[in-house]
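Student:
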Ligand code: SF4
């Protein structure tokens with residue numbers, strides 16, 4: 007019976023904000039690691055306290071509602087506990103699989119390099135870039151705006167996925183076996199096209215579907 011007990015939560019982000027001011031933090035153990043330690047869970051409980059709320063999300067993170075007036079201290083405390091707090095807004099936001107709990111780490115170094123180079127770049131609408139470490143792609147990279155699937159020192163790139171809704175659809179293969187030496191440059195070029203040619207606040211999949219026959223995409227493929 008617990009599966010359907012308390013179907014309607016007492017404290018949602020909306021209900022909390024009806025009676026106070028709360029901020030939302032998306033927290034995870036890291037870009038690759040998906041394992042929290044008990045100490046981190048204790049710290050999360052401490053930061054949220056009785057007044058806030060904790061919710062799990064579909065984006066590999068836990069969403070914490072904390073009082074706005076204590077958010078800076080909360081961020082500091084969570085970061086000191088080794089937790090990662092995702093940046094918000096219309097930016098490039100990276101995701102990655104857990105590389106089989108650290109057993110298949112071949113693509114970890116290039117993933118970190120891409121994170122340093124691309125995470126947080128401003129774009130017309132939040133753009134999710136998902137790196138999966140093998141052809142199984144079990145973290146659904148091809149259902150994100152830019153999906154990277156690693157295979158032997160290279161990536162297949164998928165673009166144009168509709169990640170949710172009744173028209174949800176996987177992205178299509180844009181480039182195959184792009185070397186790890188070239189991937190950062192190519193991703194920069196894709197993101198630059200999006201910034202230069204998208205309409206205001208146009209989601210990436212709409213932009214890609216509207217323009218994918220344009221000469222600039224062909225030009226990029228042929229480089
Ligand atoms: S995508 Fe591949 S490397 Fe990543 S967790 Fe799944 S099986 Fe492991």
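Residue numbers (the numbering used here): 7 to 229.
Glycine included, each C-beta is placed from N, C-alpha and C at the ideal position.
(1) Could you pull out every unbroken alpha helix (DSSP H) segment of at least 4 residues lying fully inside the stretch 196-220, listed in chain order?
(2) What residues are listed by DSSP as bridge partners for residue 42?
(3) Can you tell me whether residue 110 sits near ligand 1, meaning its C-beta is under 7 Å from at least one heavy atom of the ligand?
(4) Pick out every residue whose C-beta is nearer than 7 Å to a heavy atom of ligand 1: which are they, in chain order?
(5) Rounded to the nearest angstrom, what separates residue 183 and residue 160 at their Cα positions?
(6) Mapping DSSP to helix, strand and coil, what is residue 158?
(7) Hey, out of 187, 37, 194 and 180, whose CA is closest to residue 108's CA?
(8) Can you check which of these residues, 190, 194, 129 and 179, is closest to residue 213 by C-alpha distance?
(9) Is it the case that the CB of residue 22 approaches a heavy atom of ligand 2 more closely than 7 Å?
Tutor: So, from the data block:
(1) When DSSP assignments are scanned along the stretch 196-220, the uninterrupted stretches of alpha helix (DSSP H) that are 4 or more residues long and fall wholly within it turn out to be 210-217.
(2) According to DSSP, residue 42 bridges with nothing at all.
(3) yes
(4) 103, 104, 105, 106, 110, 138, 139, 140, 142, 143, 144 and 145
(5) 5 Å
(6) coil
(7) 37
(8) 129
(9) As presented, the structure is devoid of ligand 2, carrying ligand 1 as its sole ligands.
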